[in-house]
Amino acid sequence: MADCIFCKIINGDIPSKKIYEDDKVLAFHDISPEAPVHFLVIPKEHIVSANEINEENSKIIAHIFIIINKIVRELNVADAGYRIINNCGTDGGQTVGHMHFHILAGRNLKWPPG
Ligand code: AMP
Ligand code: ZN
Numbered sequence: 002m003a004d005c006i007f008c009k010i011i012n013g014d015i016p017s018k019k020i021y022e023d024d025k026v027l028a029f030h031d032i033s034p035e036a037p038v039h040f041l042v043i044p045k046e047h048i049v050s051a052n053e054i055n056e057e058n059s060k061i062i063a064h065i066f067i068i069i070n071k072i073v074r075e076l077n078v079a080d081a082g083y084r085i086i087n088n089c090g091t092d093g094g095q096t097v098g099h100m101h102f103h104i105l106a107g108r109n110l111k112w113p114p115g
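So our numbering is basically just the index in the sequence shown, starting at one, shifted up by 1.
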C-alpha cells in the first residue's frame with residue numbers, strides 16, 4: 002500500500018529497529034516507547050485493522066502470537082509479564098492503518114487504560 006508507513010518500513014523505505022523478520026511478519030521497536038520494552042509486530046500483508054480479519058487471513062494472527070512469545074522470551078520479559086494491545090479504529094486509538102500489535106513490558110502497567 003503506497004501511502005502506508007508500515008508498508009514502507011517493510012519495504013525498507015523507512016528505517017526501523019528490527020527485532021524479528023520472516024516472510025509473513027516484521028517486529029520492530031516502537032519509535033515512541035510507552036514502556037522500557039515497547040515493540041510492534043505487523044503482518045507483511047497490508048491488513049488495515051482487526052476489522053479485516055477473516056477465515057482467509059486469520060492464520061497470521063496465530064503466527065503473530067507465536068512470534069510475540071518467542072520475542073518476549075528473548076527480551077527476558079516473559080516471566081515478569083507484558084501486555085499485548087491492538088488498537089482498532091478511531092475510538093480504539095488506532096493511528097496507523099496497518100494492523101499491528103503493541104507489546105509493552107518492563108514496568109508495572111496500569112489498568113484500565115484511559
Ligand atoms: P496505534 O496508535 O495503535 O496505531 O500505534 C501506532 C504506533 O506506531 C505508535 O505507538 C507510534 O509510536 C508507532 N510508530 C509510528 N511511526 C513509527 C515508525 N516510523 N517506527 C516505529 N514506530 C512507529
Ligand atoms: Zn501497510
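We put the beta carbon where it would ideally sit given N, CA and C, even for glycine.
Note that this is a predicted model, so its numbers are computed, not measured.
Next on the checklist: Quick check on DSSP: helix, strand or coil for I6?
Outcome noted: helix
Checklist entry - What distance in whole Å lies between the Cβ atoms of G107 and V78, which are believed to be in contact at a cut-off of 8 Å? => result 6 Å
Checklist entry - Cα-Cα, which of S50, A63, R84 and N58 is closest to D92? => result S50
Item to check | Proximity test, G94 beta-carbon vs the ligand AMP heavy atom, cut-off 8 Å | outcome: yes
Next on the checklist: To the nearest angstrom, how far is the alpha carbon of K19 from that of L76?
Outcome noted: 13 Å
Checklist entry - What number of angstroms, rounded off, separates the C-alpha of G13 from the C-alpha of F7? => result 10 Å
Checklist entry - Would a C-beta distance cut-off of 9 Å place H101 and V42 closer than the cut-off? => result yes
Item to check | Cut-off 8 Å between Cβ atoms - residues of its own chain near M2, not counting five sequence neighbours on either side | outcome: C8, H47 and H99
Checklist entry - At a cut-off of 8 Å, is I10 close to the ligand AMP when judged by its beta-carbon and the heavy atoms of the ligand? => result yes
Next on the checklist: For the alpha helix (DSSP H) containing I62, name the first residue and the last one.
Outcome noted: K60 to E75
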